[in-house]
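K.L.:
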Amino acid sequence: MKVAIIEDEVPARQQLISLLKKLRDDIVVVNESTSVKEAVAFLQETPVVDLLFMDIQLNDGLSFEIFKKVAVTCPVIFTTAFDQYMLDAFRQNGIDYLLKPLKKADLQQAFAKLEKLKSHFSSDLIDALRSVQEGQSEFRKRLVAKKGVSFKSVPVEDIQYFFSEHKVSFLVNREGEKLILDKPLADIEADLDPATFFRINRKYIAAISAIESYRSFEKGKLSVVLIPSPKEEVVVSQEKASFFKAWMEK
Numbered sequence: 329m330k331v332a333i334i335e336d337e338v339p340a341r342q343q344l345i346s347l348l349k350k351l352r353d354d355i356v357v358v359n360e361s362t363s364v365k366e367a368v369a370f371l372q373e374t375p376v377v378d379l380l381f382m383d384i385q386l387n388d389g390l391s392f393e394i395f396k397k398v399a400v401t402c403p404v405i406f407t408t409a410f411d412q413y414m415l416d417a418f419r420q421n422g423i424d425y426l427l428k429p430l431k432k433a434d435l436q437q438a439f440a441k442l443e444k445l446k447s448h449f450s451s452d453l454i455d456a457l458r459s460v461q462e463g464q465s466e467f468r469k470r471l472v473a474k475k476g477v478s479f480k481s482v483p484v485e486d487i488q489y490f491f492s493e494h495k496v497s498f499l500v501n502r503e504g505e506k507l508i509l510d511k512p513l514a515d516i517e518a519d520l521d522p523a524t525f526f527r528i529n530r531k532y533i534a535a536i537s538a539i540e541s542y543r544s545f546e547k548g549k550l551s552v553v554l555i556p557s558p559k560e561e562v563v564v565s566q567e568k569a570s571f572f573k574a575w576m577e578k
């Protein structure tokens with residue numbers, strides 16, 4: 329089981345890792361982030377983890393900001409010294425909310441809940457979590473983009489892909505028009521339906537309708553053919569390749 333930990337307190341992080349090693353021998357801690365910024369960067373590059381342990385109060389803000397900047401596609405166990413954030417936690421991908429200092433019994437119960445969710449639902453776990461969360465997120469239906477000196481309202485279903493260039497974000501529609509957006513890709517991604525759009529790499533977010541084909545590339549990577557064709561090769565990293573294939577099939 330691949331686990332990532334988002335925790336800015338060194339003693340708390342070390343205690344959690346120690347408890348996890350005692351609890352299960354199949355756990356591999358693949359990342360330790362100490363801030364919202366570090367966590368977002370990690371999740372953008374390596375979205376495929378099985379479980380996140382997430383402290384709520386980090387040194388650069390509340391961890392809920394992470395969900396606004398990147399699509400979190402795995403269950404989350406929140407850890408905190410405070411209980412006032414419980415409702416917000418369960419509105420995200422939270423399956424449990426543990427108060428510090430953490431205890432082995434609490435972790436055992438959290439893992440039992442995780443396994444119960446896996447066995448109870450026939451679909452994948454993230455769909456199960458979404459089905460029991462309070463309400464459903466409203467994904468963006470239109471975006472306002474700039475073309476020349478004018479602004480244009482663009483329906484999301486008309487967008488083929490987004491890309492960034494020289495720190496500027498663009499969208500490309502079905503007609504091949506390139507329009508400027510005033511948000512970074514991370515913020516745009518948070519407003520999109522992950523069933524329709526995929527963050528291919530740091531520079532590209534593509535709609536399923538834009539993907540004509542893909543092929544194997546060097547060292548386990550994938551090369552993706554987009555419509556309309558961009559001016560550069562669009563590559564999915566080795567770490568994201570299996571996740572991309574699963575998304576395409578689903």
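Quick note on our numbering: the sequence shown kicks off at 329 and runs consecutively.
Every residue gets a Cβ at the ideal spot worked out from N, C-alpha and C, and that includes glycine.
Here the structure is a predicted model, which means the values were calculated and not measured.
(1) For residue 384, count the other beta carbons within 10 Å of its own beta carbon; 16 or more makes it buried, fewer makes it exposed. Which is it?
(2) Run the CB neighbour count on residue 356, radius 10 Å, all protein chains shown included, and call it buried at 16 or more, exposed below.
(3) Is it true that the CB of residue 364 sits closer than 8 Å to the CB of residue 388?
(4) Which class does residue 548 belong to by DSSP, given the choice of helix, strand or coil?
(5) Could you tell me the distance, in whole angstroms, from the CA atom of residue 459 to the CA atom of residue 499?
(6) Got a sec, what are the start and stop residues for the beta strand (DSSP E) residue 356 sits in?
(7) When DSSP labels each residue in this structure, what does residue 541 get in the three-state scheme?
(8) Ignoring anything shorter than 4 residues or poking outside the stretch 457-528, list the alpha helix (DSSP H) runs there in chain order.
(9) From residue 406 to residue 340, what distance separates their C-alpha atoms?
(10) If we ignore side chains and look at the alpha-carbon of each, how far apart do residue 335 and residue 478 end up?
(11) Considering only C-alpha positions, which residue in the set 535, 577, 491 and 541 is nearest to residue 560?
(12) Looking at residue 522: is its Cβ nearer than 8 Å to the Cβ of residue 399?
(13) Applying the 10 Å Cβ sphere with the 16-neighbour rule, what's the burial state of residue 342?
(14) Between which two residues does the alpha helix (DSSP H) containing residue 382 stretch?
(15) Comparing alpha-carbon positions, which option in 337, 558 and 534 lies nearest residue 575?
(16) Thinking residue 430 and residue 344 are a contact (beta carbons under 8 Å), I'd like their distance in whole angstroms, please.
(17) Using only CA atoms, which one of 468, 353 and 501 lies nearest to residue 474?
(18) With H, G and I counted as helix, E and B as strand and the rest as coil, what does DSSP make of residue 430?
(19) So, helix, strand or coil for residue 334, using DSSP?
P.N.:
From the atom records:
(1) For the purposes of this step, residue 384 is taken as residue 56 along the sequence shown, with counting starting at 1. Under this definition residue 384 is a buried residue.
(2) For the purposes of this step, residue 356 is taken as the residue at position 28 of the sequence shown. When all chains shown are included, residue 356 counts as exposed.
(3) Residue numbering aside, residue 388 sits at position 60 when the sequence shown is read from its first letter. Residue numbering aside, residue 364 sits at position 36 when the sequence shown is read from its first letter. Annotated as proximal: residue 388 and residue 364, with beta-carbon spacing under 8 Å.
(4) As a position in the sequence shown, residue 548 is number 220, starting the count at 1. Reduced to three states, the DSSP call for residue 548 is helix.
(5) One-based indexing of the sequence shown puts residue 459 at position 131. One-based indexing of the sequence shown puts residue 499 at position 171. Confidence at residue 459 is low in this model, with a pLDDT of 48, below 50, so the placement of that residue should be treated as unreliable; the coordinate-derived value is given next. The straight-line gap from Cα to Cα measures roughly 31 Å.
(6) Locating residue 356 in the sequence shown gives position 28, counting from the first residue. Residue 356 -> beta strand (DSSP E) spans 356-361.
(7) Stepping through the sequence shown from its first residue, residue 541 is reached at position 213. Here residue 541 carries a strand assignment [DSSP, helix/strand/coil].
(8) Counting only runs of 4 or more residues that sit fully inside the stretch 457-528, the alpha helix (DSSP H) segments are 513-518, in chain order.
(9) Counting from 1 along the sequence shown, the entry for residue 406 is found at position 78. Counting from 1 along the sequence shown, the entry for residue 340 is found at position 12. Spanning the two alpha carbons is a distance of roughly 13 Å.
(10) The sequence position of residue 335 within the sequence shown is 7, counting from 1. The sequence position of residue 478 within the sequence shown is 150, counting from 1. Spanning the two alpha carbons is a distance of roughly 44 Å.
(11) Mapped onto the sequence shown, residue 560 falls at position 232. Comparing Cα-Cα distances from residue 560 to each of 535, 577, 491 and 541, the minimum goes to 491.
(12) Here residue 522 is taken as the residue at index 194 of the sequence shown, counted from 1. Here residue 399 is taken as the residue at index 71 of the sequence shown, counted from 1. Contact flag set, yes.
(13) As a working note, residue 342 is residue 14 in the sequence shown. An exposed status is given to residue 342, since fewer than 16 other beta-carbon atoms sit within 10 Å of its beta-carbon.
(14) Translated into positions along the sequence shown, residue 382 becomes position 54. First-last for residue 382: 379-383, but that is the beta strand (DSSP E), not the alpha helix (DSSP H).
(15) Working through the sequence shown from its first residue, we reach residue 575 at position 247. With distances taken between Cα atoms, residue 575 lies closest to 534.
(16) Numbered from its first residue, the sequence shown carries residue 430 at position 102. Numbered from its first residue, the sequence shown carries residue 344 at position 16. About 6 Å separates the beta carbons of residue 430 and residue 344, which is inside the 8 Å limit, making them a contact pair.
(17) By 1-based counting over the sequence shown, the position of residue 474 is 146. The option with the nearest alpha carbon to residue 474 is 501.
(18) To locate residue 430, count along the sequence shown from 1; it is residue 102. Coil at residue 430, not helix or strand.
(19) For the purposes of this step, residue 334 is identified with residue 6 of the sequence shown, where counting begins at 1. The three-state reading of DSSP puts residue 334 in strand, counting E and B together.
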